[in-house]
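Inspection log for the structure reproduced underneath, given as structure tokens.
2 protein chains.
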Amino acid sequence: MSLIVEKFGGTSVGTVERINAVADKLIKKHEAGEKLVVVVSAMSGETNRLITLANEISDAPPAREMDVLVSTGEQVTIALLSMALQKRGNDARSYTGGQVTIRTDNVHSKARILDIDDDKIISDLDQGRIVVVAGFQGIDNSGNITTLGRGGSDTTAVAVAAAIKADECRIYTDVDGIYTTDPRVVPEAKRLDTITAEEMLELASLGAKVLQTRSVEFAGKYKVPLRVLSSFEDGVGTLITYEEEGSSMEAPLISGIAFQRDEAKLTIRGIPDHPGVAHQVLGPISDAHINVDVIIQNASAKGLTDLTFTVPRADYQPCMELLHGMVDTLGAKDVKGDDKIAKVSIVGVGMRSHTGVANTMFKTLADNDINIQMISTSEIKISVIVDESKLEQAVKELHKAFELDL
Amino acid sequence: MSLIVEKFGGTSVGTVERINAVADKLIKKHEAGEKLVVVVSAMSGETNRLITLANEISDAPPAREMDVLVSTGEQVTIALLSMALQKRGNDARSYTGGQVTIRTDNVHSKARILDIDDDKIISDLDQGRIVVVAGFQGIDNSGNITTLGRGGSDTTAVAVAAAIKADECRIYTDVDGIYTTDPRVVPEAKRLDTITAEEMLELASLGAKVLQTRSVEFAGKYKVPLRVLSSFEDGVGTLITYEEEGSSMEAPLISGIAFQRDEAKLTIRGIPDHPGVAHQVLGPISDAHINVDVIIQNASAKGLTDLTFTVPRADYQPCMELLHGMVDTLGAKDVKGDDKIAKVSIVGVGMRSHTGVANTMFKTLADNDINIQMISTSEIKISVIVDESKLEQAVKELHKAFELDL
Numbered sequence: 008m009s010l011i012v013e014k015f016g017g018t019s020v021g022t023v024e025r026i027n028a029v030a031d032k033l034i035k036k037h038e039a040g041e042k043l044v045v046v047v048s049a050m051s052g053e054t055n056r057l058i059t060l061a062n063e064i065s066d067a068p069p070a071r072e073m074d075v076l077v078s079t080g081e082q083v084t085i086a087l088l089s090m091a092l093q094k095r096g097n098d099a100r101s102y103t104g105g106q107v108t109i110r111t112d113n114v115h116s117k118a119r120i121l122d123i124d125d126d127k128i129i130s131d132l133d134q135g136r137i138v139v140v141a142g143f144q145g146i147d148n149s150g151n152i153t154t155l156g157r158g159g160s161d162t163t164a165v166a167v168a169a170a171i172k173a174d175e176c177r178i179y180t181d182v183d184g185i186y187t188t189d190p191r192v193v194p195e196a197k198r199l200d201t202i203t204a205e206e207m208l209e210l211a212s213l214g215a216k217v218l219q220t221r222s223v224e225f226a227g228k229y230k231v232p233l234r235v236l237s238s239f240e241d242g243v244g245t246l247i248t249y250e251e252e253g254s255s256m257e258a259p260l261i262s263g264i265a266f267q268r269d270e271a272k273l274t275i276r277g278i279p280d281h282p283g284v285a286h287q288v289l290g291p292i293s294d295a296h297i298n299v300d301v302i303i304q305n306a307s308a309k310g311l312t313d314l315t316f317t318v319p320r321a322d323y324q325p326c327m328e329l330l331h332g333m334v335d336t337l338g339a340k341d342v343k344g345d346d347k348i349a350k351v352s353i354v355g356v357g358m359r360s361h362t363g364v365a366n367t368m369f370k371t372l373a374d375n376d377i378n379i380q381m382i383s384t385s386e387i388k389i390s391v392i393v394d395e396s397k398l399e400q401a402v403k404e405l406h407k408a409f410e411l412d413l
Numbered sequence: 008m009s010l011i012v013e014k015f016g017g018t019s020v021g022t023v024e025r026i027n028a029v030a031d032k033l034i035k036k037h038e039a040g041e042k043l044v045v046v047v048s049a050m051s052g053e054t055n056r057l058i059t060l061a062n063e064i065s066d067a068p069p070a071r072e073m074d075v076l077v078s079t080g081e082q083v084t085i086a087l088l089s090m091a092l093q094k095r096g097n098d099a100r101s102y103t104g105g106q107v108t109i110r111t112d113n114v115h116s117k118a119r120i121l122d123i124d125d126d127k128i129i130s131d132l133d134q135g136r137i138v139v140v141a142g143f144q145g146i147d148n149s150g151n152i153t154t155l156g157r158g159g160s161d162t163t164a165v166a167v168a169a170a171i172k173a174d175e176c177r178i179y180t181d182v183d184g185i186y187t188t189d190p191r192v193v194p195e196a197k198r199l200d201t202i203t204a205e206e207m208l209e210l211a212s213l214g215a216k217v218l219q220t221r222s223v224e225f226a227g228k229y230k231v232p233l234r235v236l237s238s239f240e241d242g243v244g245t246l247i248t249y250e251e252e253g254s255s256m257e258a259p260l261i262s263g264i265a266f267q268r269d270e271a272k273l274t275i276r277g278i279p280d281h282p283g284v285a286h287q288v289l290g291p292i293s294d295a296h297i298n299v300d301v302i303i304q305n306a307s308a309k310g311l312t313d314l315t316f317t318v319p320r321a322d323y324q325p326c327m328e329l330l331h332g333m334v335d336t337l338g339a340k341d342v343k344g345d346d347k348i349a350k351v352s353i354v355g356v357g358m359r360s361h362t363g364v365a366n367t368m369f370k371t372l373a374d375n376d377i378n379i380q381m382i383s384t385s386e387i388k389i390s391v392i393v394d395e396s397k398l399e400q401a402v403k404e405l406h407k408a409f410e411l412d413l
């Protein structure tokens, strides 16, 4: 008898009708022999309704009380879903985060799960009950209600799955799985049956925002088999797996192509090269809460160095002003920039053990007359910066070159 | 420094504006030196909204899940009120029933409070905090959320006041105190400065439904000084006191006149008199969930007896049918009824030690040509059944006769 954790987000439980539909599906799976723990979010719109109330009271509502307030959202959903399940003949039980117990640290509104006491869950499952757990929330050591921050219900599901050693944790979303790239750009994009957690993390941070990065990290830590499926369509979705020693030999070269529009790059040139230059330049950028992505530093001739980095396009102007202010202090030559660039990344654990992946990428782009402005690599990812007008072409050609549409 | 529990119902906290107004008042009292614990209900309308959702899911939603659902109502209010207090400079703290802890039995939707752990409340008060507690809810020994049933927030307030040995428990309502009778019937009706708990209970069960009977009983048990005040107007309200030995000598003869419209009476006549007749007649009535109020049994001539009782008018027809069905079995003569009656009661601890109270009542009614159809008495109450057309006149004349308008 398999032990499954299923997680439904706010849209999947957004109305009474949808809650009933979820209950129908759960009963069917339960009858087919699955032991089920269900993690749910607040009904869509409810969290925002509560936040609006709070903002009417105070422009800076205290975090502890915000958690008391917004945690009612999931509490409503668990009660309603349990009612729907009981109406269908299963003696379901609901639990708030505090009741499970999901113990967290005391950082209100972005708490981290410390441990889960699974006694009640296990005992209920043994009695044939479907167990319904409120996502997104927990309780600290002093009994205060905490929340994990937006999207935290995914993390709750993974944490519960890890605690009860579930056979699988299924996250229902508005997409039917992870694709080789965005189907809106490449209609031939294909759903992946499996993807490794590492690849998923690279894809997620690059823009394929299907799952919260944190929940994937959490799943990786405890090796929880994680499956992403559609709430609204049938299908097997994509299973996120964990690489074992030696298994990467059989892995496909690359799994997917991610991209990021609306980037900008800035270069400060001819800085007298000495230790600490990168910090001197990037420190003030970071202090201004500007998120720097790709960074490249190259020594140029005569003891001078150039530093180039990319930022979200919205931060281009303030970033440019900061750099201009540094030129004199640093004794740099000048500052250049381009706010019409984009980033394309190929991701795959297979590239670890295969040479030639980078070469295929660069040749493909060259053959298509796409100029590479910057290159950045990690163990399982190669990113290039190209002119934004070339972005879609680059993604399409790479998708073809790596035979992802086969 | 006085220690006060204040309770605000759903109407008093029904909007963000009203929550702000409550916060303003609390801050003023806190600055004037009162240590404050505040018990609040769900915002008006919220509980009904949640019940509607549940009824859309199931026509018989399970009680445990109903409690999980509706308890979110007060949780929203405590968070919002705490935010409003913090915005005004007090480091207020909110607590759900489960967090306080308010321990109850496990009878969902009408749980009874077993005990209250006041550690957190006392510690917060000592740090100058206003403590905000969710009314109406608690937690059972297994950690399940329970609710005390409608109106249970009054009981929470009294229980908290008893636990922390508060100097006073103030219940804010939509009336400014307890009156000698309904001012809509007798414009001369006067607000009582004090009333004993026993009188209050008799008045409450007779229709002056300002406070939940249960909360008054609870207050009596722990001798919690209870004050009823208006949420919207300033004033001292009415203080509910507890009689001490010998103090009734000084009590006024009667404190108030209660009345109940929409009553009906039924008589089954000429039943052969033997032990168990009352049970034979009233058992089936009770089984039909009809609430019997005044009961009178009189032996008539020749070993026969008559049994007369009153019920709410809405139950008159079904009750009449039940009686007709018994006539043959019981060997009774016939059944009679009147669905145009009303009940008037005078209440006062003073009548214990004063003769002549009943006589004054009966004489007043006789002088005004008001026929008494039934009489029922308890230690501190005399009730009479009169024709409903005479009700208002009876209340007015009795109010005058007992000098309640002076």
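Protein chains in written order, with the numbering used here: chain A, 8 to 413; chain B, 8 to 413. The beta-carbon is built from N, C-alpha and C at its ideal position, and this holds for glycine as well.
Quiz prompt | Three-state secondary structure assigned by DSSP to Tyr249(A) | solution = Your numbering for residue 249(A) matches position 242 in the first sequence. Correct three-state label for Tyr249(A): coil.
Self-check item: Counted within 10 angstroms of its Cβ, other Cβ atoms place Asp161(A) as buried (16 or more) or exposed
Solution: On the first sequence, residue 161(A) is found 154 positions in, with the first residue counted as 1. It counts as buried.
Quiz item: Is any heavy atom of the ligand HEM found at a distance shorter than 7 Å from the C-beta of Thr188(B)?
Solution: Annotation note on the ligand HEM: not contained in the displayed structure, which lists no ligands.
Quiz item: Glu81(B) and Ala141(B): beta carbons closer than 8 Å?
Solution: Within the second sequence, the letter at position 74 stands for residue 81(B). Within the second sequence, the letter at position 134 stands for residue 141(B). Yes, they are a contact pair.
Quiz prompt | For Met207(A), the three-state DSSP class (helix, strand or coil) | solution = What you label residue 207(A) is simply residue 200 of the first sequence in a count that begins at 1. Helix at Met207(A).
Exercise. State yes or no: is the beta carbon of Thr79(B) nearer than 8 Å to at least one beta carbon in chain A?
Key: The sequence position of residue 79(B) within the second sequence is 72, counting from 1. Flagged as an interface residue toward chain A: Thr79(B), by a C-beta distance shorter than 8 Å.
Exercise. Indicate whether the contact test is met: 3 or more Cβ pairs, each with one atom in the segment 36 to 52 of chain B and one in the segment 14 to 23 of chain B, closer than 8 Å.
Key: Short answer: they touch.
Quiz item: So, is Gln324(A) buried or exposed, given that buried needs 16 or more other C-beta atoms within 10 angstroms?
Solution: Here residue 324(A) is taken as the residue at index 317 of the first sequence, counted from 1. Counting the other CB atoms within 10 Å of its CB gives Gln324(A) a total below 16, which places it among the exposed residues.
Quiz item: Across which residues does DSSP place Ile109(A) in a beta bridge pair?
Solution: Your numbering for residue 109(A) matches position 102 in the first sequence. BP columns for Ile109(A) point to Ile123(A).
Quiz prompt | Reduced DSSP category for Thr59(A) - H, G, I as helix; E, B as strand; rest coil | solution = To locate residue 59(A), count along the first sequence from 1; it is residue 52. Assignment of Thr59(A) by DSSP, reduced to helix, strand and coil, places it in the helix class.
Exercise. For chain B, find out if any of its Cβ atoms is closer than 8 Å to the Cβ of Ser255(A); answer yes or no.
Key: Working through the first sequence from its first residue, we reach residue 255(A) at position 248. Only weak support exists for where Ser255(A) lies, its pLDDT of 49 falling under 50; the value from the coordinates is given anyway. Closer than 8 Å to the CB of Ser255(A) there is not a single CB belonging to chain B.
Self-check item: 8 Å Cβ cutoff met for Tyr102(A) and Val138(A)
Solution: Residue 102(A) sits at position 95 when you count from the first residue of the first sequence. Residue 138(A) sits at position 131 when you count from the first residue of the first sequence. At a Cβ-Cβ threshold of 8 Å, Tyr102(A) and Val138(A) count as neighbours.
Quiz prompt | Cα-Cα separation between Ala173(A) and Glu404(A), rounded to whole angstroms | solution = As a working note, residue 173(A) is residue 166 in the first sequence. As a working note, residue 404(A) is residue 397 in the first sequence. Distance between the alpha carbons of Ala173(A) and Glu404(A) is about 40 Å.
Self-check item: Closer than 8 Å to chain B by CB, Gly40(A)
Solution: Counting from 1 along the first sequence, the entry for residue 40(A) is found at position 33. No, no contact with chain B.
Quiz item: Along chain A, in chain order, which residues have C-beta atoms closer than 9 Å to that of Ala91(B)?
Solution: Counting from one through the second sequence, the residue named residue 91(B) turns up at place 84. In chain order: Ile64, Ser65.
Practice problem: Whole angstroms is fine: what's the gap from Leu413(B)'s alpha carbon to Val193(B)'s? | Solution: Locating residue 413(B) in the second sequence gives position 406, counting from the first residue. Locating residue 193(B) in the second sequence gives position 186, counting from the first residue. Pairing Leu413(B) with Val193(B), the inter-Cα distance amounts to about 13 Å.
Quiz prompt | Phe239(A) - DSSP class collapsed to helix/strand/coil | solution = Within the first sequence, the letter at position 232 stands for residue 239(A). DSSP, read as helix, strand or coil, puts Phe239(A) in coil.
Exercise. Compute the Euclidean distance between the alpha carbons of Lys347(B) and Thr180(B), then round it to the nearest angstrom.
Key: As a position in the second sequence, residue 347(B) is number 340, starting the count at 1. As a position in the second sequence, residue 180(B) is number 173, starting the count at 1. When rounded, the separation of the alpha-carbon atoms in Lys347(B) and Thr180(B) is 32 Å.
Exercise. Sort Gln134(A), Asp133(A), Asn151(A) by Cα distance to Pro116(A) and report the nearest one.
Key: By one-based count along the first sequence, residue 116(A) stands at place 109. According to the sequence as given, residue 116(A) is Ser; it is not Pro. Sorting Gln134(A), Asp133(A), Asn151(A) by C-alpha distance to the C-alpha of Ser116(A) places Asn151(A) at the top.
Quiz item: Using a C-beta cutoff of 8 Å, does Ala49(A) count as contacting chain B?
Solution: Counted from its first residue, the first sequence places residue 49(A) at position 42. At a cut-off of 8 Å between beta-carbon atoms, Ala49(A) makes no contact with chain B.
Practice problem: For Lys3(A), decide whether its Cβ has a neighbour in chain B, counting only Cβ atoms nearer than 8 Å. | Solution: Given that chain A is displayed from residue 8 to residue 413, the structure contains no residue 3(A) and the question cannot be resolved.
Quiz item: Would you report the Cα separation of Gln380(A) and Ile392(A), rounded to the nearest angstrom?
Solution: As a working note, residue 380(A) is residue 373 in the first sequence. As a working note, residue 392(A) is residue 385 in the first sequence. CA-to-CA, the gap between Gln380(A) and Ile392(A) works out to about 5 Å.
Practice problem: Reducing DSSP to helix, strand and coil, say where Gln380(A) ends up. | Solution: One-based indexing of the first sequence puts residue 380(A) at position 373. Correct three-state label for Gln380(A): coil.
Quiz item: Using a C-beta to C-beta distance shorter than 9 Å, which residues of chain B count as neighbours of Ala271(A)?
Solution: For the purposes of this step, residue 271(A) is identified with residue 264 of the first sequence, where counting begins at 1. Those do not exist, as Ala271(A) stays about 39 Å from chain B at its closest Cβ, beyond 9 Å.
Quiz prompt | Proximity to Ala169(A) [Cα-Cα], best of Glu206(A), Leu155(A), Asp122(A), Tyr186(A) | solution = Looking up residue 169(A) in the first sequence gives position 162. If we check each option's Cα against that of Ala169(A), Asp122(A) comes out closest.
Quiz item: How many angstroms separate the CA atom of Phe15(A) from the CA atom of Ala30(A)?
Solution: Your numbering for residue 15(A) matches position 8 in the first sequence. Your numbering for residue 30(A) matches position 23 in the first sequence. Within the model, the alpha-carbon separation for Phe15(A) versus Ala30(A) is close to 11 Å.
Quiz item: What three-state label does DSSP hand Leu43(A) in the structure shown?
Solution: Numbered from its first residue, the first sequence carries residue 43(A) at position 36. It is a strand residue.
Quiz item: Ile185(A) versus chain B: which residues are under 7 Å apart at the beta carbon?
Solution: Position 178 of the first sequence, counted from the first residue, corresponds to residue 185(A). Residues of chain B whose Cβ lies closer than 7 Å to the Cβ of Ile185(A) do not exist, since the nearest Cβ in that chain is about 33 Å away.
Self-check item: Supposed contact pair Gln93(B) and Pro282(A) - C-beta distance, whole angstroms, cut 8 Å
Solution: Walking along the first sequence from the start, residue 282(A) turns up at place 275. Walking along the second sequence from the start, residue 93(B) turns up at place 86. About 48 Å separates the beta carbons of Pro282(A) and Gln93(B), which is beyond the 8 Å limit, so they are not a contact pair.
Quiz item: So, is the C-beta of Val393(A) closer than 8 Å to a C-beta in chain B?
Solution: Working through the first sequence from its first residue, we reach residue 393(A) at position 386. With its beta carbon at least 8 Å from every one in chain B, Val393(A) lies outside the interface.
Quiz item: So, using beta-carbon positions, are Glu209(B) and Lys388(B) closer together than 8 Å?
Solution: Numbered from 1 along the second sequence, position 202 holds the residue referred to as residue 209(B). Numbered from 1 along the second sequence, position 381 holds the residue referred to as residue 388(B). The answer is yes: Cβ separation under 8 Å.
Practice problem: Using a cut-off of 7 Å between C-beta atoms, extract the partners of Ser101(B) located in chain A. | Solution: In the second sequence, the residue the question calls residue 101(B) occupies position 94. Glu72, Val75, listed in chain order.
Quiz prompt | Proximity of Ala166(B) and Val75(A) at Cβ, strictly below 8 Å | solution = Taking the second sequence and counting its residues from 1, one reaches residue 166(B) at position 159. Taking the first sequence and counting its residues from 1, one reaches residue 75(A) at position 68. Judged by beta-carbon spacing, Val75(A) lies beyond the 8 Å limit of Ala166(B), meaning their Cβ atoms are not closer than that value.
Quiz prompt | Sufficient close CB pairs (3 or more, under 8 Å) joining the segment 360 to 373 of chain B to the segment 218 to 231 of chain B | solution = These segments do not touch.
Quiz item: Checking contacts by CB at 8 Å: is Gln400(B) closer than that to chain A?
Solution: Counted from its first residue, the second sequence places residue 400(B) at position 393. False, the Cβ-Cβ gap to chain A never drops below 8 Å.
Quiz prompt | Segment contact, 8 Å Cβ cut-off, at least three pairs: the segment 272 to 290 of chain A with the segment 333 to 350 of chain A | solution = A contact exists between the segment 272 to 290 of chain A and the segment 333 to 350 of chain A.
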